[in-house]
Structures are given as structure tokens and as C-alpha cells.
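Heads up: the protein sequence lines correspond to chains U, A and C, in order. Note that the numbering used here numbers the first sequence so that position 272 is 858, with each residue one more than the last. Note that the numbering used here numbers the second sequence so that position 96 is 216, with each residue one more than the last. Note that the numbering used here numbers the third sequence so that position 86 is 955, with each residue one more than the last. See structure below.
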Amino acid sequence: MNRPASLEAPPGALARFFAGDVWHSFTHSPVAIVSALLVLLCAVSALFAPWLSPHDPFDLATLDLANSRLPPAWMPEGKASFMLGTDDQGRDILSALMYGARISLLVALAAVLASVVLGVGLGLLSGFVGGRLDAFIMRVCDVMLSFPAILVALLIDGVGRAMFPNAHESLAFAVLILAIALTGWVKYARTVRGTTMVERQKEYVQAARVIGVPSARIMRRHVLPNVLGPVLVLATIDVAQAVIIEATLSFLGVGVPPTSPSLGTLIRVGNDFLFSGEWWITVFPGAMLMLIALSVNLLGDWLRDALNPRLQ
Amino acid sequence: MLAFILRRLVQALAVMLVVAFIAFMLFQYVGDPVTNLLGQDATVEQRDMLRRDLGLDQPFFVQFAAFVGNALQGEFGMSLRQGQKVSTLILERLPATLELSLVAAVIALVVGIPLGVYAALRRGKLLAQTLMGLSLLGVSLPTFLIGILLILVFAVLLKWLPSFGRGDTVTLFGATSRWTTGLLTADGWKHMVLPAITLSIYQLALIMRLVRAEMLEVLRTDFIKFARARGLSNRAVYFGHALKNTLVPVMTITGLQLGGLIAFAIITETVFQWPGMGFLFIQAVQFADIPVMAAYLCLISLIFVIINLGVDLLYFAVDPRLRIERPGPAH
Amino acid sequence: MTMSQPLLQVRNLRVEFPNRHGTLLALDDISFDIAPGEILGVVGESGAGKSLTGAAIIGLLEPPGRVAGGQILLDGRRIDKLDADQMRQVRGRQIGAVFQDPLTSLNPLYTVGRQLIETIQTHLPLDARQARERAIDLLRQTGIPAPEARIAQYPHQFSGGMRQRVVIALALAAEPRLVVADEPTTALDVSIQAQIIALLRRLARDKGAAVMLITHDMGVIAETCDRVAVMYAGRIVEMGPVRDVIHQPAHPYTQGLMGSIPAMDEDRARLLQIDGAMPRLTAIPSGCAFNPRCPRVFDRCRAERPELLPATATLAACWLHAAMAEGAP
């Protein structure tokens, strides 16, 4: 006996992903390829910094004040072993920024992951259960959306500091990651809720419910694959935003603990040397930050256009 | 229409209550409320007296009501860091932030909207694509970095513009008022240029992208097709029909965004050491100065709620579909 | 048949859509005429190319679509090669257009009056007062009651049928000689459809405008048109006076179409269908496009593409009638 077509679950978005159009448009778009490569480059050099960087900026034994305040290698007083110059303590800027990027990326990725889990979870719940729970969650979303991300992050961070004044380093990181995560979950919740509500009406879901398939399984098997595409796009652009928020918080002095400087911290420290002419201490970490944010944004932009069925 | 306004007012009040609640929780349970109110140099007797006066043994709701009552009068206690009344501090800094935000908002709108329209109409051309690329840069660069770059170029290298502070200000509304303005002095304007541009760039880029995207959508609609089919001139089609239909949804989103400027000012003020509320707030966060944080939260929420309300009303005024309460007679 | 010069002449029109897979030929060698004051119906299934033909004539093909060959002449003057500004002057003044969905055809933010007056003043040298009077008059002619009051209302304040009347008024505002109506009644209730069609017909007759009525509804064609062209897979397969095409269809596709329409006075057990489906533009068979589905197919059909040949009372693109053409005395 044939099952009517409407009772078959549609193929998940992930399965369609590599099947044609998206991959094709990727390989044909120079912007996408370049930005993906840049992202890869930044990610690899950052995540593998301990092994790839020329010096270890945190090893006090290797620092020599005689090497301090050196300009980049291509300028008259620069040295080849310190490609991008050194700061006032003799730390190699290139190594510092690789380590800094590592911290920035790790914090951002952790925050986005937390954000996605929270947002997708709440969205599924909201869309599937409906009713008052849904209304409440949506209200919360509305209120949170009307506040800029940086404000929410600052508040949570500030409260965290007030509550735990002499926090251990990992607690400080946890508060930071939580603060950033709480700024971004709303868009996932909304998107997933929308899709969940649409899927919930479909016949194959109603049929599954009648048979007695547990809701969790329905949500996982049928709804999730359909939201992966949009969530992926949002998450990609979100990583860039998370990097920027973390950098901003660190620049303002309320981000990562000073013992683990991220790019934002480096920029803040370097800012003090702008007027004395040692611009490289702040400009290179700044450029790295810009590179990461820009390439991730470009990738996210391309991804959104590629996954948009209307532009085909 | 009246029902609509009432409903929105009620919603606004609900939001403010929630915010007040959060601020109250901060005040009471994060750190010590007595210290929050008296500052850190109070004696034991003063503290005990205040504890009784405050009725810290009173039920929760009574304390909350007292807090709200105080808040409505602008009374938030003493800053832990500065030892002054919070309300004084905020009032001193408010004009600086408002002026900066206003100028930045004007820049963002006056430059962003036309560029967005241009990028939509001349889609595919080199200049339009360059503009879109720049706008991507604008939303990718963190505000503080833009500020630093501008300082590097214009203050350090070229030495054209100052890099911190507000410059000469003039006191308005009589000598005893706290409202100072930098808009009336040339020096004030010189100091305003870099911070205002820095603050406006993110919004400008966002507005440009939004206007472009919306305009492209509108240009694909049937009524634009029909307008062309009627032989209307390009000017009539683009600037008469397409622009108006673009600006209506854009306007509401933009209004909300511009409210965010006041919050974004936190960063800009820090970079340029602009003596505004944002700078105050950052110092409060660094120092865990709860009263200031709570007060800032309430004030910002109030501003946002007012802007939201204003934008809703604006939408109402501009879109005729929302105005009519019953549909026309059916034939 | 009158011997006056046709108002619209379409000759060998080809429209193609280049995309990354290649170039799709959407309209393949379309030729027809419309005489002044005549109502020509263009009928066919979805995707047959009817709307594209209309779009090509008014010069509003959506990119990347483009006219790849052939000519379109209005009053003997070529209009397919005009530049943007010249074409703009033709639109509205010489050729008016009515589209399918009246709700989305009108700008929701402007009053009906403003949209009318704007159109009138674009093409006719009238001042504001005269334009307003003319707008009110147009609304009255299209059967909208109390036009003086309704001219200040917004589109969402009109019902569907009323909105389409406004759209027709807009299309006729500058007194065009030809109106291209693309599915003007499809989005309306059945009860309203008849009214709108009657209105269109009456106005066309009164103003002496020719109409190109594009639709998939044979009933509408039968009621309204003088002649009809049947389209299939981007080609015209039959063309002729409406009575003849309906009662003496010469092309097997048209025969199938007519046969599938249930008649009130017939007693039939099941609906007749044509087997198969219209081919996609990427997979048009060689020779006659209809040959895979044709009950009377023979070898020549698969090899050569037939032109419009004279059949009994109509022109049909079918090799069955080759004998007649070749054997004409």
C-alpha cells in the first residue's frame, strides 16, 4: 500500500546542502572562497597559536627589555625575528595577536554555541507547546530585542563582577561567555519557533503524534533538519558579532581577565602608545580583529544569499 | 486608534515595571543596599538607622514599592565610586550624551538613506558595489576600533582635530542649571566631529543596507510594475512610489536603532573620554557601582520605551492601512 | 474582414532566458496581428508563454529575459527596439496594461485619485482640476458608484472587484489604442468575473481600443473575444475566429482542450483529458512540440516543426493540414 505523499517527511536541509546549488555558487563566487580561506587562516593560526607562533609572549623568561618598542620588521629599526614589532615589555606583537585571536575566537565560539543551544531549545519549546508558554517566551524576546547587545552584555558582566568580586579566572570567562550568549539567543528562538509552528501543522507531524511518537523525537527528526540552514547562517554572522562584543568588552576593561589578553585587551593596552608614536602595538591587533570580523561577515552574507530560495 | 495608544501605554508600563524590578533586585541583593544608599564611609550608627528606616525587615513588596517611589523621583542613592548622589551625576552627564547621540543620528540618516537609495537604483554599478562593500566594513568594524583609527589619522598623524574631551561648553537655562552644551562653540564642534562620526558609522552602514534591501524588494512588486506599465517617469516611479513604500518600514526599524545610539555611546564616550552617561556607566561596571548601574538601566529603558512608543505612533500616522477601523463597503 | 492596417503586428518573436545552464527559449517564433478595435484572446496552460508575450509587447520583460529575435510593430512602427525613454512614452499612452492581482497592482500608500491623476497628467496636457474631473469620470465609466467620494480613498478600502475596476480605469486613463490584459479576472470571485469582463468589452468598444486578453479560461474567451490564439510550449498552435476555433478546432491540442470542457447540455460519464503534460522549456521535443501526446501523430510530426497552415476555418500548426495547404487550387 502506498503512503500518500503528504505523509512522507521532506528531505532535510542538510541533505540538500551539498547536492548542488549552494556548493556550485560557492565554487563560483570569488568572494565566498576568499572569505572562507581567510576565516580558515585566522582560525587555524589562532587555534593552533601555541604551536604556530614564533615566540611565546607569556613566557617571562624569554622577554628581554632590550627588544622592547621595536617597530615592524620592514621599518628601519625593526628586526626580522619580530615581524610586527614589539610592545613596551619586549613581547612579540605577532605572537601576542595570535594568542589573542585564539582567546577571542574561543570565547566567541563558546558563546555562540551556548546561544544556539539556548535559542533553538526555547524556540522548539515555544513553537511546539504553544499557548501561554509561547506567549511568555515571545514577550521576553521582544523585550530583549529592544536592548542593544552591548548593553545587555555589559549589565550581565557588571552584575557578575559585583556578585563575584574576586572571581577565579574560569568563572570570569564563564560570566563573559554567558553575557555574550544571552545577547544573541533571541534570533534563533524566533526562527526556530516559526519553523516549528509551520512543521507542526503538517500532516506527517500530526500523523506521528496520533501514532504516539514522542514530541521530542518529532522535533528532533523533522523540525531540526529544516531549521539548520537558517540557523547556520545566523550563527555564522553571530560569531562575528560575538567576536566584536567580546573585543569591545575587553577593550573597555570588563571582558576577559587581564591574565588572558584577547585582541580587545591588546588594543586597549596599545592605545596608550598611540601618541608616543608606537602605532603598531594597537594597529596590528586591530587589523587582525577587523580581518576576522570582516571575513566571517562576508562568509555569512554569502551563505545567506546562497541559501535564499528566492534569489535562485 | 485610542485603543491602540492605550494598549501600547500599558505595555510600556509593564516593561518599565519589569526593568524596575530588575534594578531593584540589583540594588537589594547584589551588594549591600545600605552601602548603596549611604556610600562606603557611613558609620555603624548611620547604617543601623538607615536599616530601620529602609524597613529592610519589611515584606518584599513594600520594599519594592518604596524603591519604585524613589526611582520615580530620581532618587537612586549614592554612587559607590564617586560619593555623590547618583541623580546629580547622571543629570550632569546627560546633555553630553544626548547631544552626541543626536548629531550621530542626524549623520546616520542624512548620509545613510540617500546612499542606500543610490545603491539600490544603481545596483551592479561599481560605485554602488563599493558602497555596499564599505557598508559591510562599517558593520564589521567594532566601534572602538573605528574611533582609534580616526584618532590615529586625524589627531595623531594629521593633528587636525582633538582626540578627547568635549571642549568649551556653554551653560543653558540659567547659571544654576546643569545643562551644558558644546553645540554653541566652535571648539565644542571641533571636539564633536570625531566622536559623532565614530558613533554614527555602524548605524549609517546598517541604514544604508536596510534601505537598499527594502528598496530592491519594493522595486519587484506588482504595483511598481503597474506604475511602469502606465508609463510613469523614472522619477515618479523611484522617488514617488518606490521611495515612500521603502521608507515606511525602514523608518520604524531605524527609529528603534537610533535609540540604540544612546547605548552605543558607551563605547564612543570611553574612547574619546567624552564626559557623558556612557562613560559614567562603564566606570560603574568596572567598579561594580551598583546604584549607578541600576539608575542607568532605568533611564535607558525609559528612553527606549519612549522611542518605541513614538515609532509606533509614527507608523500609525504614515500607513493608511492602519488608520481605518473598519473595511470599506463591499460590492 | 476589414483591410485596414493592423494595429499591432508581432512577427517571429523570440524571447530567451539565458541562465547558468544555457539559454532557454521561452517564446519561439510567435506571429500574430491585432486589428484596431479587435479583441484577441490568447489562451493556453500555465507556462505556455502567454504572459511573456504580453510582457514582451509592453517592453517589461524581467531580466535576464530578453527579446532575441523578431519584430513588434505598433501602427507600422517598430517598438521592440526603442530605448527606455521612448518605450516609456508608448506605455500608458499607446498601450495600456491590466494585471492579474488588483490588490498588489495598486500602491497601498496613495489614494486612488492620486494614482489616477498622476497617470493622466503624465500623458495628457491637463491641469490639476481637469485631471481630477477626468479621473472622476473614469471611475464612473468603470462602474464605481459615488466616484467623487471614492477618489480620495485608499486601495484597501475597495473590494476586489472594485479594485480591478480602478485598475482598468488606470489602464485606460490615457486613452491607449491597445490594452494588454493579463488574466484580469483570475483573482476575482466568479460572480464578479463576468461583470469585469463585460466592462472591459464595453469600454474597448466604446473607445475603439483593441484588447489582447490573456487567460487560461476558455469560457472567458468564448464570451468576449473576436479571435483567439492558442499557445503551447512557447508557440502558437492554432489561431482563428473564436467560433471556429471552439466549434471546429483543427489542431489536436485545441481539440483536446475543447473536448475537456464539460458542456451543460452533454451527458458524459467522465472528463476527457489529454494524456501527459506540456513539456518543460528545457525539454521541448523536436518537430512539433505536441507530438508525444498527440493521438494522431505520424513521422513528419517528429521530424519537422509545422508552421501555421490554413485548416478548415482556422490556421493550425499541424501537418495534418499540409495536404490542404499544398492542394489549394
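Each residue gets a CB set at the ideal place from its N, CA and C atoms; glycine is no exception.
- Between the C-alpha atoms of L363/A and T922/C there is a straight-line separation of about 30 Å.
- No residue range can be given for I1013/C, since it is assigned to no alpha helix (DSSP H) and is classified by DSSP as neither H nor E.
- Residue pairing for L1041/C: DSSP places it in no beta bridge.
- Cβ atoms of A694/U and E832/U come within 8 Å of each other, at about 6 Å.
- For V182/A, the nearest beta carbon of chain U is not closer than 9 Å to its own beta carbon.
- At a Cβ-Cβ threshold of 9 Å, R1046/C and A1078/C count as neighbours.
- Counting other Cβ atoms within 10 Å of its Cβ, L133/A stays below 16 and is therefore classed as exposed.
- Straight across, the Cα-Cα distance linking I830/U with G965/C is about 54 Å.
- The DSSP-derived three-state label of D887/U is helix.
- Looking from the CA of L126/A, the closest CA among V273/A, P440/A, L429/A and F384/A belongs to L429/A.
- CA-CA distance, G664/U to N857/U, rounds to 20 Å.
- For F901/C, the uninterrupted beta strand (DSSP E) run begins and ends at G891 to I903, by DSSP.
- By the neighbour-count definition (other C-beta atoms within 10 Å, threshold 16), H890/C is an exposed residue.
- Here DSSP, grouped into helix, strand and coil, assigns I1153/C to coil.
- Here the C-alpha atom of A224/A lies approximately 8 Å from the C-alpha atom of L381/A.
- Counting only runs that start and end inside the stretch 886 to 973 of chain C, the beta strand (DSSP E) elements of at least 3 residues fall at 891 to 903, 908 to 912, 935 to 943 and 964 to 967.
- Closest in alpha carbon position to Q990/C, among Q969/C, R962/C and G934/C, is R962/C.
- Taking a 10 Å sphere around the C-beta of K279/A, we find fewer than 16 other C-beta atoms and assign the residue as exposed.
- The CB of I420/A comes closer than 9 Å to the CB of F733 and L737 in chain U, given here in chain order.
- Cβ-Cβ distances below 8 Å link G360/A to L352 in the same chain, with the five nearest sequence neighbours on each side left out; the list follows chain order.
- A straight-line Cα-Cα distance of about 16 Å links S631/U and G872/U.
- Judged by pairs of C-beta atoms under 8 Å, the stretch 1067 to 1083 of chain C touches the stretch 1041 to 1059 of chain C, as three or more such pairs exist.
- The beta carbon of P262/A falls within 9 Å of a beta carbon belonging to chain U, placing the residue at that interface.
- Listed in chain order, the non-local C-beta contacts of D439/A below 8 Å within the same chain comprise V368, local neighbours out to five positions each way being set aside.
- Contact note: F861/U reaches chain A through V276, using a C-beta cutoff of 7 Å and chain order.
- Your pair V188/A and A140/A checks out as a contact, with CB atoms roughly 5 Å apart and the cut at 8 Å.
- Taking all protein chains in view, the Cβ of W637/U is surrounded by fewer than 16 other Cβ atoms within 10 Å, so the residue is classified as exposed.
- Per the DSSP secondary-structure output, Q878/C pairs in a beta bridge with D902/C and L942/C.
- Each of F861/U, M724/U, L852/U and P816/U was checked against the Cα of M874/U, and the nearest Cα belongs to L852/U.
- Fewer than three pairs of CB atoms, one per stretch, sit closer than 8 Å, so the stretch 388 to 403 of chain A makes no contact with the stretch 240 to 256 of chain A.
- Taking a C-beta distance under 9 Å as the contact criterion, L272/A and L860/U qualify as a contact pair.
- At a cut-off of 9 Å between beta-carbon atoms, V368/A makes contact with chain C.
- A straight-line Cα-Cα distance of about 29 Å links P658/U and T388/A.
- In the DSSP assignment, M1100/C is bridged to I1105/C.
- A Cβ-Cβ contact shorter than 9 Å links T301/A with T289/A.
- A straight-line Cα-Cα distance of about 21 Å links W866/U and P282/A.
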